[in-house]
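S.K.:
In the working numbering, the protein residues as written are 70 to 365.
Dropping the structure here:
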């Protein structure tokens with residue numbers, strides 16, 4: 070058993086040109102980790118509305134617990150208007166939604182030390198209430214693998230980035246986010262990409278730093294050096310988009326790490342997952358048998 074993998078933060082619906090699809094990076098990671106053999110658990114907050122009910126129903130249909138999915142009596146479930154520009158998603162994120170008011174409750178205090186891994190990002194920390202709950206959960210997570218999947222959808226402060234990285238064992242970001250994060254933190258944003266990634270990793274004593282590069286694949290940086298995976302591609306389905314590809318990659322990184330795999334094998338799984346999700350519509354497709362077999 071891989072153990073409990075918690076997705077901590079936003080739960081929402083991506084409003085795609087083809088219709089609403091389940092989304093939110095922490096939700097996506099929890100769903101994919103669950104498919105890969107972990108016990109995926111979502112910690113978030115939804116509204117008392119149709120979208121909130123649909124999130125609960127979708128998780129239940131995948132045999133996932135909704136015990137840690139809070140309900141806000143006043144605010145709506147989060148939504149994101151997603152448009153595609155040259156095949157790349159652009160996001161318009163609704164403000165003042167349910168996941169901005171996640172509470173650190175007694176059941177979360179009990180869950181945190183039981184989890185094997187937790188994935189969180191910067192978006193759900195745009196407000197002080199959810200940010201405080203997320204940081205308290207991380208502080209209570211003991212020896213869990215803690216992946217900060219940066220996901221700079223909106224401007225993040227130096228304080229949020231610093232507090233998140235200080236509580237992380239791994240960080241994942243893309244080529245666009247790297248210089249922005251380094252600049253916000255006041256770290257050297259010059260030199261080769263490898264040097265920049267090592268600067269970030271060493272500044273916070275991280276066991277692993279992960280750089281995603283789209284179709285060119287993912288690179289891992291550890292204390293033992295740099296590991297680059299071979300690019301992977303799948304035939305694109307009609308209406309394919311890249312939404313959630315990075316989150317599938319995160320799930321692969323966590324599951325491989327928890328299984329104790331060598332970094333190269335972990336990276337291979339992560340690259341295949343990201344490439345597959347980029348070839349279909351939506352962030353949480355049911356994974357095919359050949360991909361599930363890679364996680365065994």
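Positions of the beta carbon are idealized from the N, C-alpha and C atoms, including for glycine.
(1) Could you please give the first and the last residue of the uninterrupted beta strand (DSSP E) stretch that includes residue 287?
(2) For residue 98, which residues of its own chain have a beta-carbon under 6 Å away from its beta-carbon, when the five flanking residues on both sides are left out?
(3) Count the other CB atoms, across all protein chains shown, that sit within 10 Å of the CB of residue 139; report buried if there are 16 or more and exposed otherwise.
(4) I need the DSSP call for residue 199, collapsed to helix, strand or coil.
(5) For the candidate residues 288, 116, 124, whose alpha-carbon lies nearest to that of residue 244?
(6) Can you give the beta carbon distance from residue 103 to residue 123, rounded, assuming they're within the 8 Å contact cut?
(7) In three-state terms, what does DSSP make of residue 160?
(8) On the DSSP bridge list, what partners appear for residue 186?
(9) Just checking my contact of residue 237 with residue 265 at CB under 8 Å: how many whole Å lie between their CB atoms?
(10) Leaving out five residues before and five after residue 334 in sequence, what residues of the same chain have Cβ atoms less than 7 Å from its Cβ?
(11) Pairing CB atoms from the segment 107-114 with CB atoms from the segment 78-90, are three or more of them under 8 Å?
(12) Around the Cβ of residue 200, are there at least 16 other Cβ atoms within 10 angstroms (buried) or fewer (exposed)?
(13) Could you check where the beta strand (DSSP E) with residue 83 kicks off and where it finishes?
(14) I need the DSSP call for residue 175, collapsed to helix, strand or coil.
(15) Does DSSP put residue 242 in a helix, in a strand, or in coil?
(16) Where does residue 281 sit, in a helix, a strand or coil, going by DSSP?
(17) Can you tell me whether residue 248 is helix, strand or coil according to DSSP?
(18) So, is residue 223 buried or exposed, given that buried needs 16 or more other C-beta atoms within 10 angstroms?
(19) For the putative contact between residue 280 and residue 262, defined by C-beta atoms under 8 Å, what is the C-beta separation to the nearest angstrom?
(20) Using the Cβ count rule (16 or more neighbours within 10 Å means buried), how would you classify residue 351?
(21) May I ask you to report which of helix, strand or coil DSSP gives residue 108?
(22) For residue 304, is the classification buried or exposed, using 16 other Cβ atoms within 10 angstroms of its Cβ as the cut-off for buried?
(23) Counting along the chain, where does the alpha helix (DSSP H) carrying residue 310 start and finish?
(24) Assuming the contact rule is C-beta atoms closer than 8 Å, residue 148 and residue 159 should be a hit. Round their C-beta distance to whole Å, please.
(25) For residue 179, count neighbouring Cβ atoms within 10 angstroms of its own Cβ and tell me buried if that reaches 16, exposed if not.
M.R.: On the basis of the coordinates in this document:
(1) Looking at the DSSP string, the run of the beta strand (DSSP E) that includes residue 287 is 287-291.
(2) Closer than 6 Å at the Cβ level, and outside the excluded window around residue 98, lie 76, 188, 316, 319, 320.
(3) Buried, since its Cβ has 16 or more Cβ neighbours within 10 Å.
(4) Helix at residue 199.
(5) Residue 288 is the option with its Cα nearest to residue 244.
(6) Actually they are not in contact, since the Cβ atoms of residue 103 and residue 123 sit about 18 Å apart, beyond 8 Å.
(7) In the three-state scheme derived from DSSP, where H, G and I count as helix and E and B as strand, residue 160 is classed as strand.
(8) According to DSSP, residue pairing for residue 186 in a beta bridge involves 74, 214.
(9) 17 Å between Cβ atoms; not a contact.
(10) Excluding residues within five positions, the ones whose Cβ falls inside 7 Å are 325.
(11) The segment 107-114 vs the segment 78-90: in contact.
(12) Looking at its Cβ environment, which holds 16 or more other Cβ atoms inside 10 Å, residue 200 is buried.
(13) Its beta strand (DSSP E) spans residues 81-85.
(14) Correct three-state label for residue 175: helix.
(15) Three-state DSSP puts residue 242 in a strand.
(16) Three-state DSSP puts residue 281 in a strand.
(17) Helix at residue 248.
(18) The residue in question, residue 223, is exposed, as its Cβ has fewer than 16 Cβ neighbours within 10 Å.
(19) With 8 Å as the limit, residue 280 and residue 262 qualify as a contact, their Cβ atoms being about 7 Å apart.
(20) Classification for residue 351: buried.
(21) Annotated three-state conformation of residue 108 is strand, per DSSP.
(22) The residue is exposed, with fewer than 16 neighbouring Cβ atoms inside 10 Å.
(23) Residue 310 -> no alpha helix (DSSP H), and no H or E assigned at all.
(24) In fact, because the Cβ distance is near 15 Å, the residues do not count as touching under 8 Å.
(25) Counting of Cβ neighbours within 10 angstroms places residue 179 among the exposed residues, the total staying below 16.
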